[in-house]
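First up is the structure itself, then whatever we jot down about it.
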Amino acid sequence: MPYNPRKAFVVGVGMTKFDKPRGERDYPELALEATTKALLDAEINYDQVETAAVGYCYGDSTCGQRALYQMGMTGIPIVNVNNNCSTGSSAFVHAVTAIMSGQADAALALGFEKMAPGSLGSAWDDRANPMEGTTAQLFEIEGEKEYKDEEFGPFSARIFAAAGLEYMEKYGAKQEHIAKIAAKNHTHSVKNPYAQFRFPQTHEQVAKARKITRELTLPMCSPTSDGAAAAVVVSEEFVQKHNLQDRAIELVGMGVSTDTPKLYEDRSRIELAGSDMTRRASSIAYKQAGVSPKDIQVIELHDCFAPNELITYEALGLCGKGEAHKLVDAGDNTYGGKWVVNPSGGLESKGHPLGATGLGMIFYLTLQLREEAGDLQVKNVKNAMSHNLGLGGSCVVTVLRKPGFYKKGKTTADRLGYNVANEVRTVSEADLAKVRSKHVSDYLPPALPESKL
Numbered sequence: 001m002p003y004n005p006r007k008a009f010v011v012g013v014g015m016t017k018f019d020k021p022r023g024e025r026d027y028p029e030l031a032l033e034a035t036t037k038a039l040l041d042a043e044i045n046y047d048q049v050e051t052a053a054v055g056y057c058y059g060d061s062t063c064g065q066r067a068l069y070q071m072g073m074t075g076i077p078i079v080n081v082n083n084n085c086s087t088g089s090s091a092f093v094h095a096v097t098a099i100m101s102g103q104a105d106a107a108l109a110l111g112f113e114k115m116a117p118g119s120l121g122s123a124w125d126d127r128a129n130p131m132e133g134t135t136a137q138l139f140e141i142e143g144e145k146e147y148k149d150e151e152f153g154p155f156s157a158r159i160f161a162a163a164g165l166e167y168m169e170k171y172g173a174k175q176e177h178i179a180k181i182a183a184k185n186h187t188h189s190v191k192n193p194y195a196q197f198r199f200p201q202t203h204e205q206v207a208k209a210r211k212i213t214r215e216l217t218l219p220m221c222s223p224t225s226d227g228a229a230a231a232v233v234v235s236e237e238f239v240q241k242h243n244l245q246d247r248a249i250e251l252v253g254m255g256v257s258t259d260t261p262k263l264y265e266d267r268s269r270i271e272l273a274g275s276d277m278t279r280r281a282s283s284i285a286y287k288q289a290g291v292s293p294k295d296i297q298v299i300e301l302h303d304c305f306a307p308n309e310l311i312t313y314e315a316l317g318l319c320g321k322g323e324a325h326k327l328v329d330a331g332d333n334t335y336g337g338k339w340v341v342n343p344s345g346g347l348e349s350k351g352h353p354l355g356a357t358g359l360g361m362i363f364y365l366t367l368q369l370r371e372e373a374g375d376l377q378v379k380n381v382k383n384a385m386s387h388n389l390g391l392g393g394s395c396v397v398t399v400l401r402k403p404g405f406y407k408k409g410k411t412t413a414d415r416l417g418y419n420v421a422n423e424v425r426t427v428s429e430a431d432l433a434k435v436r437s438k439h440v441s442d443y444l445p446p447a448l449p450e451s452k453l
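Set out below in structure tokens:
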């Protein structure tokens, strides 16, 4: 018998500002802010949540429980997820799957990260590195001796820089195209109050900035960040029962992929950056949604480094083989073009707290489809797509749209009391009281530090 999954809808989203790691806010506080906002947006109580998935890369094994016990100790399943940079979207997949399979009518996806300043590194030196195959092949392809020590840079940056270099060598793209992508994203983020960086840069400024690898300058690289984001996902029956038609956004396509043998067999630096995962995941998502790339208007794309945005245009089918730089030249990746890619500023500019990144994408796209994205709003959005990639590997591509029953009613501003898209606020004890379960232990520390009240 063919499987006929139920439909899933996002009815609440919430997010903190993504910010430079300073040690000022611990993950429970970040998680509480994002979760409270998502529940306020959905106008439901935590007692109605039947299951939760929590994503983070850095932390002990049950940080998800520690974060959500503040909302209530209701005994629901809480699954902790770690899938490298696609962790937030992987938590979203868990929540969506619970709805589609009929295991729950209301699920919560939460992602957060409290990161150390500086480049990413591993805390584990006593076991096999999960990316040792990628490491070995990159050294073989490029020739380790070609690099001077000071040109190596962080390994993740080196992988994506090498992918961009191969694209330029094969198809005639220039370093200027990568600089233009970074400049575009930094310009977009000026209007995003949730972004870590909010100052525009020209492509000339990007090109002349401090080098991080042989090919990449600092503005071409995503920073380490602290932050959290959350989404409430429910069934159609839940939407109708609670009259949530004025905020429900339907998930119409979801593709999830890991690496194929192309990763190593093609001996390609582009493939080492995970392009085949993107091709596979996007193909699945397009087919489920019944759309093609030309039917998408806005995309939140995983630009951990600017070259990845360049090579991903082709992998998502936005252009023909070797034509990504032509898309840049035509301005078809920004307002007024065929697509608006990363109106939020992307990872390079809005920040990249690994566990929160994918759910942050869902936050921005939900607002776009509700026509509540404020200064970031793209005109006439019918279909919106997110692309969240983690080397090692995992890729999640989603397609979202308004359902047929969607109707104008209360806005996010009505529910939270301010223009969410254009302003960031923390939550109060009164906000928390509206959505918190009655089942909270007195042994837990205060949910909000006194300095935040």
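Note that full-length UniProt numbering gives residue 257 to position 257 of the sequence shown, counting from 1, and the numbers run on in steps of one.
By construction, the Cβ of each residue, glycine as well, lies at the ideal position given by its N, Cα and C atoms.
Nothing here was measured: the structure is a model prediction, and the numbers come from that model.
Report task. Verify whether the separation of the beta carbon atoms of Leu-110 and Ala-230 is less than 7 Å. Result -> The Cβ-Cβ distance between Leu-110 and Ala-230 falls below 7 Å.
Report task. Determine the DSSP secondary structure at Glu-140, reduced to helix, strand or coil. Result -> Correct three-state label for Glu-140: helix.
Report task. Within 10 angstroms of the Cβ of Lys-382, are there 16 or more other Cβ atoms? Answer buried if so, exposed if not. Result -> exposed
Query raised in the report: If you count every other CB in all the chains shown that lies within 10 Å of the CB of Phe-18, and 16 or more means buried, which is it?
Result: buried
Report task. For Leu-251, count neighbouring C-beta atoms within 10 Å of its own C-beta (all shown protein chains included) and say buried if the count is 16 or more, exposed if not. Result -> buried
**Report entry** Neighbourhood of His-203 by C-beta distance below 6 Å, restricted to the same chain and skipping five residues each side
**Finding:** Ala-179, Lys-180, Ala-183
Query raised in the report: Taking DSSP as the reference, what is the three-state secondary structure of Ser-386?
Result: strand
Report task. Reducing DSSP to helix, strand and coil, say where Thr-398 ends up. Result -> strand
Query raised in the report: Taking Cβ positions, are Ala-161 and Leu-108 nearer each other than 7 Å?
Result: no
Query raised in the report: Can you check whether the CB of Gly-14 is closer than 7 Å to the CB of His-439?
Result: no
Report task. Over the uninterrupted beta strand (DSSP E) stretch that includes Ser-222, give me the two end residues. Result -> Note, Ser-222: premise wrong, no beta strand (DSSP E); not H, not E.
Report task. Go through the segment 232-305 residue by residue and report every complete run of the alpha helix (DSSP H) that reaches 4 residues or more, in order. Result -> 236-241, 262-265, 269-272, 275-289
**Report entry** Inter-residue CB distance, Ile-78 and Val-54 (contact presumed, cutoff 8 Å)
**Finding:** Their Cβ separation, rounded to whole angstroms, is 6 Å, which keeps Ile-78 and Val-54 in contact under 8 Å.
Query - Per DSSP, the bridge partner or partners of Met-15 - result: Ala-229
Requested in this report: In angstroms with no decimal places, state the Cα-to-Cα distance between Gln-175 and Met-168.
Outcome: 8 Å
Query raised in the report: Looking only at its own chain, which residues have a Cβ that is under 7 Å from the Cβ of Glu-271, when we skip the five neighbours before and after it?
Result: Lys-262, Leu-263
**Report entry** For Phe-405, three-class secondary structure by DSSP
**Finding:** Correct three-state label for Phe-405: coil.
Requested in this report: Quick one: using the 10 Å Cβ neighbour count with 16 as the cut-off for buried, is Trp-339 buried or exposed?
Outcome: The residue is buried, with at least 16 neighbouring Cβ atoms inside 10 Å.
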